[in-house]
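Undergrad: Order-wise, the sequence lines are chains A and B. Note that the numbering used here has the first sequence beginning at 1, numbered continuously upward. Note that the numbering used here has the second sequence beginning at 1001, numbered continuously upward.
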Amino acid sequence: MADNFYNDILIDHNLHPIHLHELPCATCSNAGINPTCGDQLTLNLVVKDGLIKDGSYTGVGCAISQASTDIMLELIIGRTVEDAKHLCELFDKMIGGEITDDELEELEEAAALQNISKMPARVKCAKLGWKTLIRLLDDNS
Amino acid sequence: MSDNRFKKDFPVFNEYKNLVYLDNAATTQKPYPVLERAAKYYKSENANPLRGLYDLSVKATDAYENAREAVRNFIGANSKREIVFTRNATESLNLIAYSFGRANIGHGDEILVAISEHHSNLLPWQQLAREKGAVLKFLECDEHGQYTAQALEKALTPKTKLFAIAQVSNVFGRVNPIKEFADIAHKNGTLIVCDGAQSVPHMAVDVKELDVDFLVFSGHKMLAPMGIGVLYGREELLEKMPPFLYGGEMIEYVTRDSATFAELPHKFEAGTVNVGGAVGLHAAIDYISSIGFDEIVRRERQLTELAFEQMKTIPHVNIIGSQEAAGHEGIITFTVDGVHPHDIAAVFDSENIAIRAGHHCAQPLHQHLNIQSSARMSLAFYNDEEDVRRFTDTLKTVREKMGYGR
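So, in structure tokens, the structure goes:
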């Protein structure tokens, strides 16, 4: 593990999440589960006319899954469904270690998770929210 | 104990400098005598055993059957016919469920399983119950992981055909009173299946003394190679059970549409067997016997107590199960307030300390205890005080590293 893996961005999103709450007005929700630890999170979105107007998540998880999901929501709220899907692809590329510097910039704070590619045991944690998002968007488009 | 004469026997500690290995309940490291014995088999005794009519095949057969005798002696079984080699404890439990279970458990019968069981001693029974319309019931423990004779007597009914419980839980590390429970089960006409995966490697286990009907364990948790495990069953039970897997090496005579099956234990060992694993297990048993369980138990208890007493003094650390060191047989499962167990394990990993995090294949138990997941340190005799010191030193830093008190 990289010594500085739990950097300030991850620590901050884990201890003080912005989007960890219920979302009664959600238009779609989906649950994701990480079978290695049994952690479960539910992702809620408000999608109108191809635009992600709001989003939240609930559930428990490790710092990496929680921070990753929180950062993801911060990134995609206000964007189109197509943009969000594109960012999910970029995130996958980053975890796979194949991302360019320009693409990395598009991911904004999510770039804080770049070193996860050096921690294969934790890839599933980092991807949990993003995989749940892709399924949610595919199921509702 | 500071002079640790055991680590030099384990090449991993030479290859992987600075490693503190505290995941022994998941699998143990392998000493030279085990590795060398398995290599010697493949170098000079390898042939397909049990069938060949030439010298080398006889050597392979002898090596395999000598390993069976070593296992018989190790757990005090009456006969080699009661020792079946499998891949691991999980396969042994599946064998019992598929063979004994499907022939003897029917609609409305009850199967009683301890709530702390590893998934491997739960799912085969859960599937069997669903398939047969049998009822799966749970024996519940208190928050310290203790099961009582009274609760067992209450949970058993005239319909309870089988009771499945581990001798040592892989989460609590507490020793269950198997002999007492076997007596209670037998008075009720119920058979007892004992999972010895966490006990057989760490204490003297005698199947006749425990009076269990079945005992299972894995070689890889007791210094042997992966892929070799054991099923012990009472001969009269195994004799009546149908085969589990069908194929080569387990037949007596085969025609176009029927077959008679080989004698015990070969009836349950279809296909070419794992001789390399079996001779490795034999070498592991010899190595363990050369140290002796008196010494192994003494070392592991001393280290457990040292770790336990230190952990009790660290704020925000919660030990699961018994709040006494004596209630932990080399296994201490814990949580740290505000820190997910995966993150705990990652902090330890950054210090080259291997511990387990997650649900330890015991999700119903975590639900019963109302916790999501936990972290676990588990010891073996080749650990030492320095390992425990590095473990507790790191444990003290976990919350700070996760941003608390910054």
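Each residue gets a CB set at the ideal place from its N, CA and C atoms; glycine is no exception.
How is S1199/B classed by DSSP in three states: helix, strand or coil?
TA: Translated into the one-based positions of the second sequence, residue 1199/B becomes position 199. The answer is coil: DSSP assigns S1199/B none of H, G, I, E or B.
Undergrad: Do you know whose CA, among P1242/B, E1269/B, F1074/B and L1122/B, lies nearest H1202/B's CA?
TA: Translated into the one-based positions of the second sequence, residue 1202/B becomes position 202. The shortest C-alpha separation from H1202/B is found at F1074/B.
Undergrad: Could you tell me whether the Cβ of V60/A comes closer than 7 Å to any Cβ of chain B?
TA: Here residue 60/A refers to the residue found at position 60 of the first sequence. Yes, V60/A lies at the interface with chain B (some Cβ there is under 7 Å from its Cβ).
Undergrad: I'd like the span of the beta strand (DSSP E) that includes R1376/B, first residue to last.
TA: Residue 1376/B sits at position 376 when you count from the first residue of the second sequence. Per DSSP, R1376/B belongs to the beta strand (DSSP E) from S1374 to S1378.
Undergrad: Can you check which of these residues, R1068/B, L1395/B and L1306/B, is closest to E1385/B by C-alpha distance?
TA: Taking the second sequence and counting its residues from 1, one reaches residue 1385/B at position 385. The option with the nearest alpha carbon to E1385/B is L1306/B.
Undergrad: Let's see if you can read the secondary structure: which residues bound the beta strand (DSSP E) around K1030/B?
TA: Within the second sequence, residue 1030/B is the residue found at index 30, counting from 1. Looking at the DSSP string, K1030/B is not in any beta strand (DSSP E), and its letter there is neither H nor E.
Undergrad: Would you grab the beta carbon distance between G1145/B and F1172/B for me? Rounded to a whole angstrom, and I think it's under 8 Å.
TA: By one-based count along the second sequence, residue 1145/B stands at place 145. By one-based count along the second sequence, residue 1172/B stands at place 172. Indeed, because the Cβ distance is near 3 Å, the residues count as touching under 8 Å.
Undergrad: Across which residues does DSSP place K48/A in a beta bridge pair?
TA: As a first step, residue 48/A must be located in the first sequence, where it is residue number 48. Note: K48/A sits in a beta bridge opposite L51/A.
Undergrad: Residues in its own chain within less than 7 Å of G50/A by CB, not counting five upstream and five downstream?
TA: Here residue 50/A corresponds to residue number 50 of the first sequence, with the count starting at 1. Closer than 7 Å at the Cβ level, and outside the excluded window around G50/A, lie T80 and V81.
Undergrad: Measuring straight from C-alpha to C-alpha, what distance separates R152/A and A111/A?
TA: With chain A covering only 1 through 141, there is no way to say anything about residue 152/A.
Undergrad: Roughly how many angstroms lie between the CA atoms of M1/A and N1352/B, to the nearest whole one?
TA: Taking the first sequence and counting its residues from 1, one reaches residue 1/A at position 1. Taking the second sequence and counting its residues from 1, one reaches residue 1352/B at position 352. Only weak support is given to the placement of M1/A: the predicted model assigns it a pLDDT of 45, under 50, and the value that follows is read from those uncertain coordinates. Going by the C-alpha atoms only, they are around 9 Å apart.
Undergrad: So I1115/B and L1128/B are supposed to be a Cβ contact under 8 Å. How far apart are they, rounded?
TA: Here residue 1115/B refers to the residue found at position 115 when the second sequence is read from its first residue. Here residue 1128/B refers to the residue found at position 128 when the second sequence is read from its first residue. Incorrect: roughly 18 Å between the Cβ atoms, too far for contact.
Undergrad: Under the three-state reduction of DSSP, which class applies to Q1167/B: helix, strand or coil?
TA: Counted from its first residue, the second sequence places residue 1167/B at position 167. Here Q1167/B sits in coil by DSSP.
Undergrad: So if I threshold CB-CB distances at 7 Å, which residues from the segment 1338-1351 of chain B count as touching chain A?
TA: Against chain A - using a Cβ distance shorter than 7 Å - the residues of the segment 1338-1351 of chain B are H1340, H1342, D1343, A1346, D1349 and S1350.
Undergrad: Distance, Cα to Cα, G96/A vs G1405/B?
TA: Mapped onto the first sequence, residue 96/A falls at position 96. Mapped onto the second sequence, residue 1405/B falls at position 405. Looking at the two C-alpha atoms, the distance is approximately 34 Å.
Undergrad: Taking only beta-carbon atoms, is N1018/B less than 7 Å away from chain A?
TA: The residue you call residue 1018/B lines up with position 18 of the second sequence. Not an interface residue.
Undergrad: Going along the chain, which residues of the segment 1363-1397 of chain B sit with their C-beta nearer than 7 Å to a C-beta in chain A?
TA: Per Cβ criterion, the list reads Q1363, Q1372 and S1373.
Undergrad: What residues match up with C28/A in a beta bridge as DSSP calls it?
TA: Taking the first sequence and counting its residues from 1, one reaches residue 28/A at position 28. In the DSSP output, where bridge partners are listed per residue, C28/A has L45/A.
Undergrad: For L1136/B, which residues of its own chain have a beta-carbon under 7 Å away from its beta-carbon, when the five flanking residues on both sides are left out?
TA: In the second sequence, the residue the question calls residue 1136/B occupies position 136. So the qualifying residues of the chain are I1111, V1113, W1125, Q1126 and A1129.
Undergrad: Once the 5 residues before and after A1047/B are set aside, which same chain residues still bring their CB inside 6 Å of it?
TA: For this step, residue 1047/B is matched to residue 47 along the second sequence. Within the same chain, A1047/B has close Cβ partners L1056, S1057 and A1060.
Undergrad: Is it true that the CB of L113/A sits closer than 7 Å to the CB of S56/A?
TA: Indexing the first sequence from 1 puts residue 56/A at position 56. Indexing the first sequence from 1 puts residue 113/A at position 113. Result no, Cβ atoms of S56/A and L113/A do not sit closer than 7 Å.
Undergrad: If you follow the alpha helix (DSSP H) that A1089/B is part of, which residue opens it and which one closes it?
TA: Numbered from 1 along the second sequence, position 89 holds the residue referred to as residue 1089/B. Where A1089/B is concerned, the enclosing alpha helix (DSSP H) stretches over A1089 to L1095.
Undergrad: CA-CA distance, V1347/B and I1355/B?
TA: In the second sequence, residue 1347/B corresponds to position 347, counting from 1. In the second sequence, residue 1355/B corresponds to position 355, counting from 1. The straight-line gap from Cα to Cα measures roughly 10 Å.
Undergrad: Helix, strand or coil for A2/A, going by three-state DSSP, please let me know.
TA: Position 2 of the first sequence, counted from the first residue, corresponds to residue 2/A. Legend: pLDDT at A2/A = 46, less than 50; position of this residue unreliable, value from coordinates given subsequently. Here A2/A sits in coil by DSSP.
Undergrad: Between which two residues does the beta strand (DSSP E) harbouring F1217/B extend?
TA: Here residue 1217/B is taken as the residue at index 217 of the second sequence, counted from 1. Per DSSP, F1217/B belongs to the beta strand (DSSP E) from F1214 to S1218.
Undergrad: Output the distance between the C-alpha atoms of A1103/B and P1242/B, rounded to the nearest integer angstrom.
TA: As a working note, residue 1103/B is residue 103 in the second sequence. As a working note, residue 1242/B is residue 242 in the second sequence. So the two alpha carbons sit approximately 8 Å from each other.
Undergrad: Answer with yes or no whether the minimum CB distance from G63/A to chain B is below 7 Å.
TA: On the first sequence, position 63 is the one that residue 63/A refers to. First, the amino acid is wrong: residue 63/A is Ala here, not Gly. It does: the Cβ of A63/A has a partner Cβ on chain B nearer than 7 Å.
Undergrad: Who are the Cβ neighbours of F1214/B in its own chain at under 6 Å, not counting the five residues just before and after it?
TA: Along the second sequence, read from residue 1 onward, the residue named residue 1214/B stands at position 214. The residues are I1096, V1193 and G1233.
Undergrad: Relative to chain A, which residues along the segment 1262-1283 of chain B have a C-beta separation below 9 Å, given in chain order?
TA: Listed in sequence order: no entries.
Undergrad: My parser needs the beta strand (DSSP E) runs of 3 or more residues fully inside the segment 1224-1304 of chain B; what are they?
TA: Whole beta strand (DSSP E) segments, 3+ residues: 1229-1233, 1251-1254 and 1259-1261.
Undergrad: Which partner residues does R1356/B have in the DSSP bridge list?
TA: As a first step, residue 1356/B is located in the second sequence; it is residue number 356 there, counting from the start. Partner(s): R1376/B.
Undergrad: Consult DSSP for L137/A and reduce its assignment to one of helix, strand or coil.
TA: Residue 137/A sits at position 137 when you count from the first residue of the first sequence. L137/A: helix per DSSP, three-state reduction.
Undergrad: Does the beta-carbon of Q1323/B have 16 or more other beta-carbons within 10 angstroms, so that it is buried, or is it exposed?
TA: Working through the second sequence from its first residue, we reach residue 1323/B at position 323. So Q1323/B ends up on the exposed side.
Undergrad: Going by other Cβ atoms of all chains shown within 10 Å of its Cβ, with 16 needed for buried, is P1413/B buried or exposed?
TA: Because chain B in this structure spans residues 1001 to 1406, residue 1413/B falls outside the shown range and cannot be described.
Undergrad: Should D1257/B be labelled buried (16 or more other beta-carbon atoms within 10 Å of its own) or exposed?
TA: Here the question's residue 1257/B lines up with position 257 in the second sequence. It is exposed - the Cβ of D1257/B has fewer than 16 other Cβ atoms within 10 Å.
Undergrad: Whose C-beta lies closer than 7 Å to the C-beta of A1325/B among residues of the same chain, with five residues either side of it excluded?
TA: Taking the first residue of the second sequence as position 1, residue 1325/B is located at position 325. Answer for A1325/B: T1304, E1305, F1308 and E1309, listed in chain order.
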